[in-house]
Structures are given as structure tokens and as C-alpha cells.
Amino acid sequence: MRTSAHSDTCVAWVDICDSVVGTSARSYIGKTIIIGGRNCQIRGAAPRPGSALCTRCMRWGHHSSVCRSKGIRCPLCGLPHSEAAHQEYCAHSKRDPDTRSCVNCSVAGKTKRDHSATDTSCPFWQNQFDRDWLRRQFPKK
């Protein structure tokens with residue numbers, strides 16, 4: 001993100017997947033890396049109040065440690081298998097392994113759902129920090 005409209009500097013956010021404690025990620029703070037031939041300093045950022053993406057059922061709004069789903073879902077096609085078993089499972093069931101289907105967009109009744117649950121073009125992914133938007137997609141019955 002550019003620091004201002006006329007600035008020649010920017011801020012880049014990078015999520016470092018680490019343990020819950022974040023020991024490895026913290027060790028990078030204060031270090032310098034080279035991007036595009038320029039020295040860039042790594043700084044810590046305040047946690048953003050976004051919603052969690054469950055890595056078990058691939059739905060937004062809760063963490064996998066509190067997931068009530070009975071089985072795992074593939075993030076690529078939304079079927080009941082792991083991402084590691086995606087190619088084999090979909091080929092065995094005579095389904096094109098390159099076909100993508102977003103679990104969240106399907107449940108919310110969105111017309112465009114030919115992407116994976118972890119695709120950045122997904123409206124859920126784009127609104128992951130907007131808890132009100134996420135709640136509006138799944139109204140209470």
C-alpha cells in the first residue's frame with residue numbers, strides 16, 4: 001500500500017505462518033531484506049481483527065480448533081477429502097481435478113463460485129477483515 005498518493009514509498013504486509021506463539025516470526029523483526037534492489041526493514045504489525053478461516057471445513061468465522069464439522073473439506077473443490085488427496089479423489093470420482101468450487105460462495109448462494117476457498121479473487125477472502133460483511137452472508141434462520 002502506498003503511504004500517500006504522491007509518495008514513492010509503500011508498506012507491504014506479509015503474513016508469516018508460524019506457531020501460535022510466533023517465535024520464528026518475531027525473530028525477523030528489525031532485520032533487513034532486499035526487495036527489488038532496495039533495503040527494506042521488517043517491522044512488526046499490530047494484529048488485525050479479521051475473521052479466521054477454518055482449515056478443517058474451509059469456512060470463515062472460526063478456527064479449526066473449535067470446528068464442529070464432522071469431516072475435513074478440500075480447499076480446492078469443497079468435497080470431503082484433504083487437499084493432499086485432491087488429485088486422486090477427484091480423478092477416481094470421474095471429476096475434473098482442475099475444477100474449483102468455493103465452499104463459502106456455494107453455501108451463501110453466490111453465482112460466481114468457480115474458485116477455491118483460498119483464492120484471493122473470492123469475495124470472502126477479499127472481505128476477511130470485515131466481520132459485518134461476513135455475518136451478512138450467513139443470516140441467522
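In full-length UniProt numbering, the protein residues as written are 1 to 141. Heads up, the beta-carbon is just placed ideally off N, CA and C, and yes, glycines get one too. Everything numeric in this text was worked out from a predicted model, so none of it was measured.
**Request:** Return the chain-ordered ranges of every beta strand (DSSP E) run that is complete within the stretch 28-85 and spans a minimum of 3 residues.
**Result:** List check, beta strand (DSSP E) in window: 32-35 and 38-41.
**Message:** Quick check on the burial criterion: 16 or more other C-beta atoms within 10 angstroms. Buried or exposed for V14?
**Reply:** In summary, V14 is exposed, with fewer than 16 beta-carbon neighbours lying within 10 Å of its beta-carbon over all protein chains present.
**Item:** Contact under 8 Å by Cβ, G44 with I34
**Value:** If you check the CB distance, G44 and I34 do not come in under 8 Å.
**Asked** If you run the structure through DSSP and keep just helix, strand and coil, what is N104?
**Response** The answer is helix: DSSP assigns N104 an H, G or I state.
**Message:** Under 8 Å, Cβ to Cβ, is there at least one residue of chain C near K110?
**Reply:** Absence of chain C from the displayed structure is noted, only one protein chain being present.
**Asked** What residues in its chain sit with their C-beta under 7 Å from that of T99, if we drop five residues either side in the sequence?
**Response** Here the set comprises C77.
**P123 - containing alpha helix (DSSP H), residue span** = Note, P123: alpha helix (DSSP H), P123 to Q126.
**Request:** Please report how far the alpha carbon of C54 lies from the alpha carbon of K94, in whole angstroms.
**Result:** Between C54 and K94, the C-alpha separation is close to 28 Å.
**Asked** Does the Cβ of F138 have 16 or more other Cβ atoms within 10 Å, making it buried, or fewer, making it exposed?
**Response** Result: exposed.
**Asked** From A85, R73 and I42, pick the residue whose C-alpha is nearest to that of C10; which is it?
**Response** Nearest C-alpha to C10: I42.
**Item:** Collapsed DSSP secondary structure at S24 in the structure displayed
**Value:** The three-state secondary structure of S24, taken from DSSP, is helix.
**Item:** At least three beta-carbon pairs within less than 8 Å, the stretch 57-67 to the stretch 124-134
**Value:** Yes: the two stretches touch, three or more of their Cβ pairs being nearer than 8 Å.
**T111 versus S65 - alpha carbon distance** = C-alpha of T111 to C-alpha of S65: approximately 30 Å in a straight line.
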